[in-house]
Amino acid sequence: MKKLFSKTFWQERDVEMFIGQQLRWGVISASVIAFIGGIIYLYSNGKGVPSYTEFTGAPLYVRHLPGILHGVFQLDGMAIIQLGVVVLLATPITRIAFSVLAFAMEKDVLYVIITLIVLSVITFSIFSGFGG
Amino acid sequence: MSILVFTLILLLGAFAAGLLGSLTGLGGGVVLIPLLTLIFHVDIRYAIGASLVASIANSSGAAAAYIKEGITNVRIGMFLEIATTTGAIAGAVLAVYTPTHLVAIIFGVVLLFSAAMTVRKKNEHADTQSDNKLAKLMRLNSSYPVKGEIIEYKVKGVPGGYLLMTLAGVVSGLLGIGSGALKVLAMDNVMRIPFKVSTTTSNFMIGVTAAASAVVYLQRGYIDPGIAMPVVLGVLGGAFVGSKLLVKINTKWLRLIFSIVISALAIEMIYNGLMRNL
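Have a look at this one:
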């Protein structure tokens, strides 16, 4: 972490490598979580019949983070898969947050502002309640 | 068909979608939605949710590889993301009021357009002459390496590009695809950014655009774990293998065959939309 805040680290464009690493870890951990959840899900539901022809929507408890986390602690396969999905969604959003930092280190005020606008648009979408 | 069999077949299908998506640069969504709706008879709303998740997986996976080469223009990407994310949220809201058969028709039209974009002539050369004030003000001009040489390029058509990006965002939010074809059109044809830069920058943007609307879809229940799981794993596996193959094979014929297949799927989607089967 000390390296993260040193000046040369950011100047040498290692920051791009760091962001690349962060993306890779995000994707890898998302798929590992989804895989584990998938095994549990198939073990308990594998013999059932898929019903996706009519749209009823995913179960209510996997539509928001508190419900997902609650399910994860009960080792519910669907909730664990959905946690993987949440990690995946968070990956590009985290990347934006890191970019704010990167532009700040470059003293690029204009792009700190632009990146913050993008971040607030996404935050707005999370809390707007458009999802109903 | 049991859930186990459904999952395994979908895993294979998603693998193929990820493979073709990364080889042709179209992303997994354009194959995934017809696959889910036309073959598995999955409601298009579940297909949209799954496709958004696949787009994010595809984009983040590939971006990690591209960013090392230093050709992604992060400033252009970030500036235009204001347009794509606002557009994406508008598209996701619009989706509630759009009947599904209309979504299928619009999807078919965008698919036809994407097919045409994969076989078009590309903007290979950098523009070094343009004197766009807005591009200068926003510091969008940059350089990229070509065969060891550093080539400078200048950007033009910034307002037009921004507008087209907003549309790309709306389409992405409405249909659940990365709409990479529209993004590349905005950057290649309007802003005259060299092809190599526009492709990687578009990929950089797809993940963020998709994440903006995916959150809304997650809350709405479009993202079902039973579909998301095989889709994420399959698309990622396919995209990974595709990126390894990409350096070894000539994609010219593949692109041509793929765009014919895509066009056929597009027509079937439009037909089913018009017949109100979807």
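These protein sequences, in sequence, are chains A and B. Under the numbering used here, the first residue of the first sequence carries the number 1, and numbering increases by one thereafter. Under the numbering used here, the first residue of the second sequence carries the number 1001, and numbering increases by one thereafter. For every residue, glycine included, the Cβ atom is placed at its ideal position computed from N, Cα and C. Please read all numbers here as calculations on a predicted model, not as lab measurements.
query: What in chain A is Cβ-close to T1086 of chain B, meaning under 8 Å?
result: Here the question's residue 1086 of chain B lines up with position 86 in the second sequence. Near T1086 of chain B (Cβ distances below 8 Å), the residues of chain A are V121.
query: Is the shortest distance between the beta-carbon of R1276 of chain B and the beta-carbons of chain A less than 8 Å?
result: Your numbering for residue 1276 of chain B matches position 276 in the second sequence. Cβ-Cβ to chain A under 8 Å: no for R1276 of chain B.
- prompt: Can you tell which of B:I1009, B:L1023, B:L1012 has the C-alpha that lies nearest to the C-alpha of T1199 of chain B?
  reply: Along the second sequence, read from residue 1 onward, the residue named residue 1199 of chain B stands at position 199. Of B:I1009, B:L1023, B:L1012, the residue nearest in Cα terms is B:L1023.
- prompt: What is the DSSP secondary structure of E1268 of chain B, reduced to helix, strand or coil?
  reply: To locate residue 1268 of chain B, count along the second sequence from 1; it is residue 268. Correct three-state label for E1268 of chain B: helix.
message: Just checking: is the beta-carbon of P1225 of chain B within a distance shorter than 8 Å of some beta-carbon in chain A?
response: Locating residue 1225 of chain B in the second sequence gives position 225, counting from the first residue. Yes, contact with chain A.
- request: Measuring only between beta-carbons, confirm whether L1032 of chain B sits less than 8 Å from chain A.
  value: Here residue 1032 of chain B refers to the residue found at position 32 when the second sequence is read from its first residue. False, the Cβ-Cβ gap to chain A never drops below 8 Å.
- request: Might you give, ordered along the chain, the residues of its own chain that have their beta carbon closer than 7 Å to the beta carbon of F103 of chain A, omitting 5 neighbours on each side?
  value: Residue mapping note: residue 103 of chain A aligns to position 103 of the first sequence, counting from 1. The residues are Y111, V112, T115.
- prompt: Just checking my contact of L1020 of chain B with V27 of chain A at CB under 8 Å: how many whole Å lie between their CB atoms?
  reply: Against the second sequence, residue 1020 of chain B aligns to sequence position 20. Against the first sequence, residue 27 of chain A aligns to sequence position 27. Actually they do not touch by this definition, with Cβ atoms about 19 Å apart.
query: What do you get for R1276 of chain B, buried or exposed, if any count of 16 or more other CB atoms within 10 angstroms of its CB means buried?
result: Position 276 of the second sequence, counting from 1, holds the residue named residue 1276 of chain B. It is exposed - the Cβ of R1276 of chain B has fewer than 16 other Cβ atoms within 10 Å.
query: Which same chain residues, not among the five before or five after G1077 of chain B, have their C-beta less than 7 Å away from its C-beta?
result: By one-based count along the second sequence, residue 1077 of chain B stands at place 77. T1201, F1204, M1205.
- request: Specify, as a first and last residue, the run of the alpha helix (DSSP H) that S99 of chain A falls within.
  value: Looking up residue 99 of chain A in the first sequence gives position 99. Per DSSP, S99 of chain A belongs to the alpha helix (DSSP H) from 77–105.
message: Measuring only the C-alpha atoms, how far is L1274 of chain B from V72 of chain A?
response: The residue given as residue 1274 of chain B occupies position 274 in the second sequence. The residue given as residue 72 of chain A occupies position 72 in the first sequence. C-alpha separation (whole angstroms): 42 Å.
message: Once the 5 residues before and after I33 of chain A are set aside, which same chain residues still bring their CB inside 7 Å of it?
response: The residue given as residue 33 of chain A occupies position 33 in the first sequence. Hits under 7 Å: I80, L83, G84, V87.
task: Can you give me, in chain order, the residues of the region 16–47 of chain A that have a beta carbon less than 8 Å from any beta carbon in chain B?
output: E16, M17, I19, G20, Q21, L23, R24, G26, V27, A30, S31, A34, F35, G37, G38, Y41, L42, N45, G46, K47
task: Report the residues of the region 102–121 of chain A with a CB closer than 9 Å to any CB of chain B, ordered along the chain.
output: A102, F103, D108, L110, Y111, I114, T115, I117, V118, V121
Close-in-space but distant-in-sequence residues of the same chain around A90 of chain A (CB under 8 Å, 5 per side omitted): As a first step, residue 90 of chain A must be located in the first sequence, where it is residue number 90. For A90 of chain A, where only same-chain residues beyond five positions count, the Cβ hits under 8 Å are G26.
message: I believe G1180 of chain B touches G1027 of chain B by the beta-carbon criterion, under 8 Å. Please report the beta-carbon distance rounded to the nearest angstrom.
response: On the second sequence, position 180 is the one that residue 1180 of chain B refers to. On the second sequence, position 27 is the one that residue 1027 of chain B refers to. Confirmed, about 5 Å.
- prompt: With C-beta atoms as the reference, is S1130 of chain B less than 8 Å away from R1192 of chain B?
  reply: In the second sequence, residue 1130 of chain B corresponds to position 130, counting from 1. In the second sequence, residue 1192 of chain B corresponds to position 192, counting from 1. Result yes, Cβ atoms of S1130 of chain B and R1192 of chain B sit closer than 8 Å.
Cutoff 8 Å: E1081 of chain B Cβ touching any chain A Cβ: For this step, residue 1081 of chain B is matched to residue 81 along the second sequence. Chain A contact via Cβ: present.
- prompt: Between the C-alpha atoms of G1207 of chain B and I1177 of chain B, what's the straight-line distance to the nearest angstrom?
  reply: For the purposes of this step, residue 1207 of chain B is taken as residue 207 along the second sequence, with counting starting at 1. For the purposes of this step, residue 1177 of chain B is taken as residue 177 along the second sequence, with counting starting at 1. Rounded to whole angstroms, G1207 of chain B to I1177 of chain B spans 10 Å at the Cα level.
- prompt: How big is the Cα-Cα spacing for G1157 of chain B and L1164 of chain B?
  reply: Reading the second sequence from its first residue, position 157 is the one you call residue 1157 of chain B. Reading the second sequence from its first residue, position 164 is the one you call residue 1164 of chain B. Distance between the alpha carbons of G1157 of chain B and L1164 of chain B: 11 Å.
query: Applying a beta-carbon distance threshold of less than 7 Å, which residues of chain B neighbour A58 of chain A?
result: Along the first sequence, one-based indexing puts residue 58 of chain A at 58. Going along chain B in sequence order, the residues near A58 of chain A (Cβ under 7 Å) are G1221, I1223, D1224, P1225.
query: Candidates B:R1255, B:Y1222, B:I1262: which alpha carbon is nearest G57 of chain A's?
result: Counting from 1 along the first sequence, the entry for residue 57 of chain A is found at position 57. The shortest Cα separation from G57 of chain A among B:R1255, B:Y1222, B:I1262 belongs to B:Y1222.
query: Can you name the start and end residues of the beta strand (DSSP E) that E1081 of chain B belongs to?
result: In the second sequence, counting from the first residue as 1, residue 1081 of chain B sits at position 81. From DSSP, E1081 of chain B is part of no beta strand (DSSP E) but of the alpha helix (DSSP H) over 1074–1097.
message: Assuming V121 of chain A and I1082 of chain B are in contact, meaning their beta carbons sit under 8 Å apart, how far apart are those beta carbons, in whole angstroms?
response: Locating residue 121 of chain A in the first sequence gives position 121, counting from the first residue. Locating residue 1082 of chain B in the second sequence gives position 82, counting from the first residue. So it is a contact: roughly 7 Å between Cβ atoms.
message: Pairs of beta-carbons, one from the region 1145–1154 of chain B and one from the region 1115–1129 of chain B, closer than 8 Å: are there three or more?
response: yes
field: Own chain partners of L1038 of chain B with C-beta closer than 8 Å, once the 5 adjacent residues on each side are dropped
entry: Here residue 1038 of chain B refers to the residue found at position 38 of the second sequence. So the list reads L1265, E1268, M1269, N1272, once near-sequence residues are dropped.
Secondary structure, alpha helix (DSSP H): runs of 4+ residues fully inside the region 1107–1151 of chain B: 1133–1137
message: Which residues does DSSP list as the beta-bridge partners of Y41 of chain A?
response: Counted from its first residue, the first sequence places residue 41 of chain A at position 41. Paired residue(s): none; Y41 of chain A is not in a bridge.
query: Nearest CA to the CA of S1243 of chain B: which residue from B:G1108, B:A1063, B:Y1046, B:V1184?
result: Counted from its first residue, the second sequence places residue 1243 of chain B at position 243. Looking at the Cα atoms, B:A1063 is the closest of the given residues.
- prompt: With DSSP run on the structure shown, which of helix, strand or coil describes I122 of chain A?
  reply: For the purposes of this step, residue 122 of chain A is identified with residue 122 of the first sequence, where counting begins at 1. Helix, per DSSP.
Contact the region 1084–1093 of chain B vs the region 122–130 of chain A: 3+ CB pairs below 8 Å: yes
query: Exposed or buried, E12 of chain A, counting other C-beta atoms within 10 Å across all chains shown (16 or more means buried)?
result: Taking the first residue of the first sequence as position 1, residue 12 of chain A is located at position 12. The predicted model places E12 of chain A with a pLDDT of 47, which falls under 50 and marks its position as unreliable; any figure quoted below should be read in that light. E12 of chain A is exposed by the Cβ-count criterion.
message: Here's a check: name, in chain order, each residue in its chain whose Cβ is nearer than 6 Å to the Cβ of A1214 of chain B, leaving out the five neighbours to either side.
response: Translated into the one-based positions of the second sequence, residue 1214 of chain B becomes position 214. Excluding residues within five positions, the ones whose Cβ falls inside 6 Å are L1052.
message: DSSP three-state label for Y111 of chain A, please.
response: As a working note, residue 111 of chain A is residue 111 in the first sequence. Residue state, collapsed to three classes: helix.
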